[in-house]
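These notes are about the structure you will find just below.
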Amino acid sequence: MVDELRHFLLIAELGSFSRAASRAHLTQPALTASIRRLEARMGARLLDRGRSGARVTAAGEALLPFARATLASLEAGERAVAEVAGLRAGEVRLAAGATACTYLLPEILGRYRKAHPQIRFLLKETSTDEALDDLHGGSIDIAVITGAEGEPWFVDELIVVAAPDFEVPTDPAALGRGPFVAFRRNSTSRELFDAAFPEAEIVMELGSIATVKGNVRAGIGLALV
């Protein structure tokens, strides 16, 4: 159908089957067969052929703007695919937890942006469960999560932090009871925290590492970061 539309527009532009056949590098019988297939598909005669050349019929005039729009859209789609395939344009949607968004991904995405400045990244800070839901739902392209299984490629260390004037318990059991400023539930950091300090007193739940650190700095409690 695409070739047939191109041939139809070429004949309409040049007003001649012979000139259109020459431009398209086709024989006249092949070009005529192409137009007949298009007319059969449309259910109407699109071109009249006479001694003075080819003339677009009323049905053909009705088809002209749609044929041009169809080919223009196809060419735009081909350009878009070529740009993405060649890393000249495009958008990558990611979701990750607070720690990855703050410490892991900025350097990685920064290096990638330097190599491919036309690529745009949309990064969503969320929990592991929500990231997987978004990935399965198709609203993101990549989910950066911590799973129970997999091949390690980045090692991170978690430590307990406190404000300089906060009285930190020296006894490990007392330290594990807090009070703590923790990440919200369903996040990877919270899962690790709950496993390490099952008896901890949680006085505040927050969604990002910046707000956790800010409240720790204010003396609200300890945090595992």
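According to the numbering used here, the stretch in the sequence shown is residues 1430 to 1654, in order. Just so you know, even glycine gets a beta-carbon here, dropped at the ideal spot from N, CA and C.
Taken atom to atom, the span from the alpha-carbon of glycine 1489 to that of isoleucine 1464 is near 11 Å. Secondary structure note for leucine 1523: its beta strand (DSSP E) is the uninterrupted segment 1519-1525. For glutamate 1468, the enclosing alpha helix (DSSP H) covers residues 1457-1471. In the structure shown, alanine 1572 falls within a strand segment according to DSSP collapsed to helix, strand and coil. In this structure the region 1555-1564 does not lie against the region 1599-1611, because fewer than three pairs of beta carbons, one per stretch, are closer than 8 Å.
Contact between the region 1438-1455 and the region 1475-1492 is present: 3 or more CB-CB pairs across the two stretches fall below 8 Å. For glutamate 1433, the closest alpha carbon among the candidates Gly1566, Thr1599, Met1471, Pro1601 is that of Met1471.
The residues Val1521, Arg1522, in chain order, have a CB closer than 6 Å to that of aspartate 1570 in the same chain once the five nearest residues on each side in sequence are set aside.
Cβ atoms of glycine 1607 and isoleucine 1631 come within 8 Å of each other, at about 7 Å. For glutamate 1554, the closest alpha carbon among the candidates Arg1448, Asp1623, Gly1519, Ser1618 is that of Ser1618.
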